[in-house]
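Working notes, structure below.
Number of protein chains: 2
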Amino acid sequence: MSARGIEPRRMGVPGAQPAHDPHCLPTAEACAVCEARPFSICAPLSTAELAELDRFSTTLHLPAGATFVHEGDPADHCFNITAGSAKIYKLLPDGRRQVIGFLFTGDFLGTATRGPYGISAEAMTPLSLCRFERTSFRAVLSRLPALEHALLDRTADELEAAREQMLLLGRKAARERVASFLLSLSRRAVRLGRVADPVQLPMGRTDIADYLGLTTETVSRVLTQLRTEGMIRLNGTSEVHLTRRAALESLCEGA
Amino acid sequence: MSARGIEPRRMGVPGAQPAHDPHCLPTAEACAVCEARPFSICAPLSTAELAELDRFSTTLHLPAGATFVHEGDPADHCFNITAGSAKIYKLLPDGRRQVIGFLFTGDFLGTATRGPYGISAEAMTPLSLCRFERTSFRAVLSRLPALEHALLDRTADELEAAREQMLLLGRKAARERVASFLLSLSRRAVRLGRVADPVQLPMGRTDIADYLGLTTETVSRVLTQLRTEGMIRLNGTSEVHLTRRAALESLCEGA
DNA sequence: TTCGCGCCTTGATCCATCTCAAGGCGCGGC
DNA sequence: GCCGCGCCTTGAGATGGATCAAGGCGCGAA
Numbered sequence: 028m029s030a031r032g033i034e035p036r037r038m039g040v041p042g043a044q045p046a047h048d049p050h051c052l053p054t055a056e057a058c059a060v061c062e063a064r065p066f067s068i069c070a071p072l073s074t075a076e077l078a079e080l081d082r083f084s085t086t087l088h089l090p091a092g093a094t095f096v097h098e099g100d101p102a103d104h105c106f107n108i109t110a111g112s113a114k115i116y117k118l119l120p121d122g123r124r125q126v127i128g129f130l131f132t133g134d135f136l137g138t139a140t141r142g143p144y145g146i147s148a149e150a151m152t153p154l155s156l157c158r159f160e161r162t163s164f165r166a167v168l169s170r171l172p173a174l175e176h177a178l179l180d181r182t183a184d185e186l187e188a189a190r191e192q193m194l195l196l197g198r199k200a201a202r203e204r205v206a207s208f209l210l211s212l213s214r215r216a217v218r219l220g221r222v223a224d225p226v227q228l229p230m231g232r233t234d235i236a237d238y239l240g241l242t243t244e245t246v247s248r249v250l251t252q253l254r255t256e257g258m259i260r261l262n263g264t265s266e267v268h269l270t271r272r273a274a275l276e277s278l279c280e281g282a
Numbered sequence: 028m029s030a031r032g033i034e035p036r037r038m039g040v041p042g043a044q045p046a047h048d049p050h051c052l053p054t055a056e057a058c059a060v061c062e063a064r065p066f067s068i069c070a071p072l073s074t075a076e077l078a079e080l081d082r083f084s085t086t087l088h089l090p091a092g093a094t095f096v097h098e099g100d101p102a103d104h105c106f107n108i109t110a111g112s113a114k115i116y117k118l119l120p121d122g123r124r125q126v127i128g129f130l131f132t133g134d135f136l137g138t139a140t141r142g143p144y145g146i147s148a149e150a151m152t153p154l155s156l157c158r159f160e161r162t163s164f165r166a167v168l169s170r171l172p173a174l175e176h177a178l179l180d181r182t183a184d185e186l187e188a189a190r191e192q193m194l195l196l197g198r199k200a201a202r203e204r205v206a207s208f209l210l211s212l213s214r215r216a217v218r219l220g221r222v223a224d225p226v227q228l229p230m231g232r233t234d235i236a237d238y239l240g241l242t243t244e245t246v247s248r249v250l251t252q253l254r255t256e257g258m259i260r261l262n263g264t265s266e267v268h269l270t271r272r273a274a275l276e277s278l279c280e281g282a
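Going down the list, the protein sequences come from chains P and B.
To convert, note that position 60 of the first sequence is 87 in the numbering used here; the numbers rise steadily by one, no gaps.
To convert, note that position 43 of the second sequence is 70 in the numbering used here; the numbers rise steadily by one, no gaps.
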């Protein structure tokens, strides 16, 4: 049992005064030049629909380390990541932490709850995001079926991923977990139009450990072990070459 | 590592000839008397909408033990449980199994994938369900916004539950897992209009173990331990009284 | 260039849970 | 009412990963 949780920092998004928020910028034509758009739920929207949605959005820029969603707080907003990466996690009262997932460009956050937020979210790099007031967003959803479709598909995909992670957490050994993690990061990079092979790890060992249900020590040991076996090559601490990808693939599934 | 997987049985739903399927019954006015309706995604539908949806549904009745969804098969159908209970699970090639969840009256199955089924599903008791051909169902969704709303909400709830389970699998000790499980079953029973206290366990120890990422032996030991401590009382093997519910609640969270 | 700090790695030991191995017990069939 | 079989419980020993404990190393600040 890892009892070495991390105290979440109370910082980041100020409350409900977007007008006075230094991180809030007008979004007027922001969508037109948004690089995240092809990866976002906004992708299937027409220009008119986009404008409709945009009326309710605010652009935010946060520094790395900012916690912008707090588990248990009323779920007032939902978010669309437009640049940077973030992590979402759940905590137990004694500080044990489970990282639920990592968010990258185009990811949407906030579907999952109608009550309070079920997770906390923290920027891992400087982060840009569109923020929507939840109530208006739900109203817009009713008016834009394409958006609701996109959101349903995306939520279904997230559910599928969560189930895969349940298999990992419940039944896979440490080596298998790490291998699965590296490959899933690689696949994600491809979907975002980046390269499959040198995988970037924007998160630290502690985050990886808390995502995989392990300790940092174990993650570290497994990585060196995989390196020794020639399955990966480490470039510094946050870049991994997947030499022998096929071997990693079969390791994921228990071979 | 539990390597004692169970070989899934290939039985249950015949392929695509509903006309010749002895389990298929005409649904004509079935919805009107459906007891599962208040708990289902059909709940918010008007009579006319219900009729529209019903045109594409087939009623099935399966015996306990029937596997009616096979992980990896093309996802041709989705289902609505109208009576009985089922489990969904994922397998690793070597037989390790993770039970993803248990389905009861009113639960919907099939949102989660657009490609092949990501999970297998097996009846735990005699099971009644409405089956929809996936393609038509998606078409109907577009015509019935209320249905799509309901489905989105439900999928979001499932995602929330999956995340909670990730916390359990990644970070909770065996005692905490079992306590969490008993309480979640109890809460579910309440939502279905049953009693909160004598909790029924329609699944065996192996299923519980595979759901909690443990072994049957550990589940068994923890249950006797909790009994010894007076936190629960066992009535036979499949009924549990939650004496000292408060103690169980705090145990869930690590106390 | 050096210093200091945080993060990562490595080593030694421990322990919660798994694994292996017997029984026990309840339930359906005969 | 007895018998068998499957499932559940209990025990004893093995072990993967956690915990505890040092270093090492890279990077930013001065």
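In this text, a Cβ means the ideal position worked out from N, Cα and C, and glycines have one as well.
A quick note: this is a predicted structure, and the numbers were derived from the prediction, not measured.
Host beta strand (DSSP E) of residue i (start-end)
i	result
residue 106(B)	104 to 110
residue 150(P)	147 to 150
residue 226(P)	225 to 227
residue 222(B)	Element bounds for residue 222(B): n/a, residue is neither H nor E.
Within 8 Å, strictly: CB atoms of residue i and residue j
i	j	result
residue 310(P)	residue 145(B)	Here chain P has residues from 28 to 282 only, and residue 310(P) is not among them.
residue 259(P)	residue 249(P)	no
residue 149(B)	residue 92(B)	yes
residue 177(B)	residue 71(B)	yes
residue 206(B)	residue 261(B)	no
residue 195(B)	residue 269(B)	no
residue 182(P)	residue 179(B)	yes
residue 68(P)	residue 135(P)	yes
residue 160(P)	residue 104(P)	yes
residue 63(P)	residue 110(P)	yes
residue 57(P)	residue 86(P)	yes
residue 83(B)	residue 156(B)	no
residue 115(P)	residue 154(P)	no
residue 77(B)	residue 167(B)	no
residue 193(B)	residue 193(P)	yes
residue 281(B)	residue 271(B)	no
residue 201(P)	residue 245(P)	yes
residue 151(P)	residue 213(P)	no
residue 98(B)	residue 119(B)	no
residue 265(B)	residue 219(B)	no
residue 211(B)	residue 232(B)	no
residue 74(B)	residue 147(B)	no
Residue i - containing alpha helix (DSSP H), residue span
i	result
residue 98(P)	From DSSP, residue 98(P) is part of no alpha helix (DSSP H); its letter is neither H nor E.
residue 274(B)	272 to 279
residue 62(B)	It is not in any alpha helix (DSSP H) - residue 62(B) carries neither H nor E in the DSSP assignment.
residue 186(B)	172 to 198
residue 242(P)	Note, residue 242(P): premise wrong, no alpha helix (DSSP H); not H, not E.
residue 217(B)	201 to 218
residue 154(B)	Run containing residue 154(B): none in the alpha helix (DSSP H); it sits in the beta strand (DSSP E), 154 to 160.
Under 9 Å by beta carbon: chain P residues contacting residue i
i	result
residue 231(B)	Result: empty, since nearest Cβ-Cβ is about 17 Å, beyond 9 Å.
residue 162(B)	Correct list: empty, because the minimum Cβ distance to chain P is about 15 Å.
Per DSSP, the bridge partner or partners of residue i
i	result
residue 115(P)	128(P) and 148(P)
residue 143(B)	101(B)
residue 136(B)	106(B)
residue 84(B)	159(B)
residue 267(P)	226(P) and 261(P)
residue 89(P)	154(P)
Partners in chain B for residue i, counting only beta-carbon separations shorter than 7 Å
i	result
residue 103(P)	Within chain B, no residue comes near residue 103(P); the closest Cβ sits about 16 Å away, beyond 7 Å.
residue 192(P)	193
Proximal residues of chain B, C-beta to C-beta of residue i below 9 Å
i	result
residue 180(P)	141
residue 320(P)	Outside the displayed span of chain P (28 to 282) sits residue 320(P), for which this structure offers no information.
residue 257(P)	Residues of chain B passing the Cβ test: none, with the nearest at roughly 23 Å.
residue 138(P)	179, 182, 183 and 186
Proximal residues of chain P, C-beta to C-beta of residue i below 7 Å
i	result
residue 125(B)	193, 194, 197 and 198
residue 189(B)	186, 189, 190 and 193
Contact set between residue i and chain P, taken where Cβ atoms lie within less than 8 Å
i	result
residue 119(B)	194, 198, 199, 280 and 281
residue 240(B)	196, 197 and 198
residue 145(B)	187, 190 and 191
Indicate whether the contact test is met: 3 or more Cβ pairs, each with one atom in the region 157 to 173 of chain B and one in the region 119 to 126 of chain B, closer than 8 Å. no
Given 8 Å as the limit, is there contact between the region 179 to 188 of chain P and the region 224 to 243 of chain P, that is, 3 or more CB pairs closer than that? no
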